[in-house]
């Protein structure tokens, strides 16, 4: 008999969590203006708001923190991190930042100007925000298959080569670079194939353009290439990572995801001119070049985390748990972006709450309902997150409207996944009674989903 699957780690520390009553949750929702970002963490039973900075570090990472070098300049911990990044990515120039959006801010300050067009595959919220705040345009060139959540396609995160080339034909002089997000979070945590990366590289080379990878979940992307793409089954994750990054000129990294640290990020590139340009913004925005917003101890922990999380067993354990939750939702007929991605399940709210008009934000309504049901905090990746069009100021309803259930790394057990699945089933079973959503009563001009205030309708 084949042995059942088990985690590739064992638990040596636990943190208590508490349940709450429905009445308590109703009050907490009112206090938070129906925006789950505004909830207090102790009011959450199972927290799936994000997988960013919420993972559990390993014993090796905690040990590395004790040896962190806190020197302002030339810290040993920086060179440990730089050497690890170079070994995994092949990039020689590394600038640490305090997180991924800081990396974007530093690099885009050097590269993006008003009137530019930045094509890519479903730019995530901070990426789009950093582009649009500079009066430039984030042009989505994701494959159309990503729009059909029930379609089983192994690499739904791919860039559409035809859309990309059309953009370059029309406006190459306005395009400073191409950005590829691996994995594609906004499209449902969907991976990008090596073949697609090669095609993007070839198009970029024809037009003399450089390519940046938004690399927050690059290791998970490599796992899917290994398990889904022909010719990679016998390659190691680290070998696949090197091949992936050979298609890029630079990367931004939110290390809070695949680096499995609580805070940190970096820019890495193979081009000295981009490195020199970014340096000018790192020092005033982040800090000196060998810490850039990170403590020495955090850089030491990140070096270990990157090394650990580019090993197959660690990634298999992590992604298996996401797949387990997907199978439970399949049992209940709950629609999500298929196939399951690497870091989260993205429930198709427009199919679950089909009676809620898009103008009343079905995914945000479903997010509220899941918290109301069981104290489980998810995150809307949909019409509120999409922000308004910067020119017309109209809501953007053209994309997917999803409830993201982001699974922290090495934190919850499959029993927690069972609770999540049943709680969502309970909401799904009463979906016909949910006919009204929420309205916005206050919003920020940019990246409104973090602080938006809402009221229920009906």
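Numbering (this note's numbering), first residue to last: -14 to 443.
Every residue gets a Cβ at the ideal spot worked out from N, C-alpha and C, and that includes glycine.
If you're wondering where the values come from, they're calculated on a predicted model, not measured in any experiment.
| query | Taking the alpha carbon of residue 42 as the point to measure from, which residue in 33, 15 and -1 has its own alpha carbon closest? | reply | Within the chain shown, the letter at position 57 stands for residue 42. Looking at the Cα atoms, -1 is the closest of the given residues.
| query | Which same chain residues, not among the five before or five after residue 345, have their C-beta less than 8 Å away from its C-beta? | reply | The residue you call residue 345 lines up with position 360 of the chain shown. Excluding positions up to five away in sequence, the list reads 421, 422, 423, 424 and 442.
| task | Could you pull the start and end residues of the beta strand (DSSP E) that residue 427 belongs to? | result | As a working mapping, residue 427 is identified with position 442 in the chain shown. In the DSSP assignment, residue 427 falls within the beta strand (DSSP E) that extends over 423 to 427.
| task | Going by DSSP, name the residue or residues bridged to residue 373. | result | Taking the chain shown and counting its residues from 1, the one referred to as residue 373 is at position 388. Residue 373 pairs with 380.
| If we ignore side chains and look at the alpha-carbon of each, how far apart do residue 316 and residue 409 end up? | Indexing the chain shown from 1 puts residue 316 at position 331. Indexing the chain shown from 1 puts residue 409 at position 424. Residue 316 and residue 409 have their C-alpha atoms roughly 12 Å apart.
| Reference residue 89; option with closest CA among 252, 391 and 202 | As a position in the chain shown, residue 89 is number 104, starting the count at 1. Taking only the C-alpha atoms, the option nearest residue 89 is 252.
| query | Which residues in the same chain have their Cβ closer than 8 Å to the Cβ of residue 115, if we skip the five residues on either side of it in sequence? | reply | Taking the chain shown and counting its residues from 1, one reaches residue 115 at position 130. So the qualifying residues of the chain are 86, 89, 90, 93 and 97.
| request: Kindly indicate which three-state DSSP category residue 183 falls into: helix, strand or coil? | output: As a working mapping, residue 183 is identified with position 198 in the chain shown. Correct three-state label for residue 183: helix.
| task | Could you spell out the range, first to last residue, of the beta strand (DSSP E) harbouring residue 454? | result | The first residue shown for the chain is -14 and the last is 443, placing residue 454 beyond what the model contains.
| Cα-Cα separation, residue 73 to residue 226 | Locating residue 73 in the chain shown gives position 88, counting from the first residue. Locating residue 226 in the chain shown gives position 241, counting from the first residue. Distance from the CA of residue 73 to the CA of residue 226, rounded to the nearest whole angstrom, comes to 6 Å.
| query | Which class does residue 365 belong to by DSSP, given the choice of helix, strand or coil? | reply | To locate residue 365, count along the chain shown from 1; it is residue 380. Secondary structure at residue 365: strand, using DSSP grouped into helix, strand and coil.
| Among 125, 179, 168 and 134, which one has its Cα closest to the Cα of residue 153? | As a position in the chain shown, residue 153 is number 168, starting the count at 1. Of 125, 179, 168 and 134, the residue nearest in Cα terms is 125.
| query | Out of 127, 396, 321 and 238, which has the shortest C-alpha to C-alpha gap to residue 81? | reply | Walking along the chain shown from the start, residue 81 turns up at place 96. Checking every option, the nearest Cα to that of residue 81 belongs to 238.
| Is the CB-CB distance between residue 331 and residue 370 below 7 Å? | Residue 331 sits at position 346 when you count from the first residue of the chain shown. Residue 370 sits at position 385 when you count from the first residue of the chain shown. With a cutoff of 7 Å on beta-carbon distance, residue 331 and residue 370 are scored as not near each other.
| How close, in whole Å, do the beta carbons of residue 118 and residue 172 come, if the pair is a contact with beta carbons under 8 Å? | As a working mapping, residue 118 is identified with position 133 in the chain shown. As a working mapping, residue 172 is identified with position 187 in the chain shown. The Cβ separation is near 23 Å, so there is no contact.
| message | Assuming the contact rule is C-beta atoms closer than 8 Å, residue 246 and residue 193 should be a hit. Round their C-beta distance to whole Å, please. | response | Taking the first residue of the chain shown as 1, we reach residue 246 at position 261. Taking the first residue of the chain shown as 1, we reach residue 193 at position 208. In this structure residue 246 does not touch residue 193 by the C-beta definition: roughly 36 Å separates them, more than the 8 Å allowed.
| request: Using the DSSP secondary-structure output, state which residues sit across from residue 104 in a beta bridge. | output: Position 119 of the chain shown, counted from the start, is the residue given in the question as residue 104. Bridge partners of residue 104: 124.
| query | Would DSSP call residue 250 helix, strand or coil? | reply | Residue mapping note: residue 250 aligns to position 265 of the chain shown, counting from 1. Correct three-state label for residue 250: strand.
| CB of residue 111 within 7 Å of CB of residue 204, strictly | Indexing the chain shown from 1 puts residue 111 at position 126. Indexing the chain shown from 1 puts residue 204 at position 219. No, the pair does not count as a contact, with Cβ atoms beyond the cut-off.
| Other residues of its chain near residue 366: CB distance less than 6 Å, five sequence neighbours each side excluded | For the purposes of this step, residue 366 is identified with residue 381 of the chain shown, where counting begins at 1. Answer for residue 366: 387 and 389, listed in chain order.
| Relative to the alpha-carbon of residue 235, which residue among 216, 220 and 256 has its alpha-carbon at the smallest distance? | The residue given as residue 235 occupies position 250 in the chain shown. Checking every option, the nearest Cα to that of residue 235 belongs to 256.
| Whole-angstrom distance between residue 67 and residue 445, CA atom to CA atom | Here the chain has residues from -14 to 443 only, and residue 445 is not among them.
| said: Helix, strand or coil for residue 175? Go by DSSP, reduced to three states. | reply: On the chain shown, residue 175 is found 190 positions in, with the first residue counted as 1. It is a strand residue.
| task | Go ahead and pull the three-state DSSP assignment for residue 280. | result | To locate residue 280, count along the chain shown from 1; it is residue 295. Here DSSP, grouped into helix, strand and coil, assigns residue 280 to coil.
| Going by Cα to Cα distance, which pick from 57, 71 and 20 is closest to residue 280? | Position 295 of the chain shown, counted from the first residue, corresponds to residue 280. Per the Cα distances, 57.
| message | I'd like the list of long-range same chain contacts for residue 338, defined as Cβ closer than 7 Å, with 5 residues on each side in sequence excluded. | response | As a first step, residue 338 is located in the chain shown; it is residue number 353 there, counting from the start. Only 347, 350, 351, 416 and 419 meet the Cβ criterion.
| request: Might you give, ordered along the chain, the residues of its own chain that have their beta carbon closer than 7 Å to the beta carbon of residue 413, omitting 5 neighbours on each side? | output: Looking up residue 413 in the chain shown gives position 428. Scanning its chain for C-beta atoms nearer than 7 Å, with the 5 sequence neighbours on each side dropped, one finds around residue 413 the residues 317, 319 and 337, in chain order.
| Between the CA atoms of residue 70 and residue 250 - distance to the nearest angstrom | Numbered from its first residue, the chain shown carries residue 250 at position 265. Numbered from its first residue, the chain shown carries residue 70 at position 85. Spanning the two alpha carbons is a distance of roughly 11 Å.
| So with Cβ pairs under 7 Å, would you call residue 263 a contact of chain B? | In the displayed structure, chain B is absent; only one protein chain is listed.
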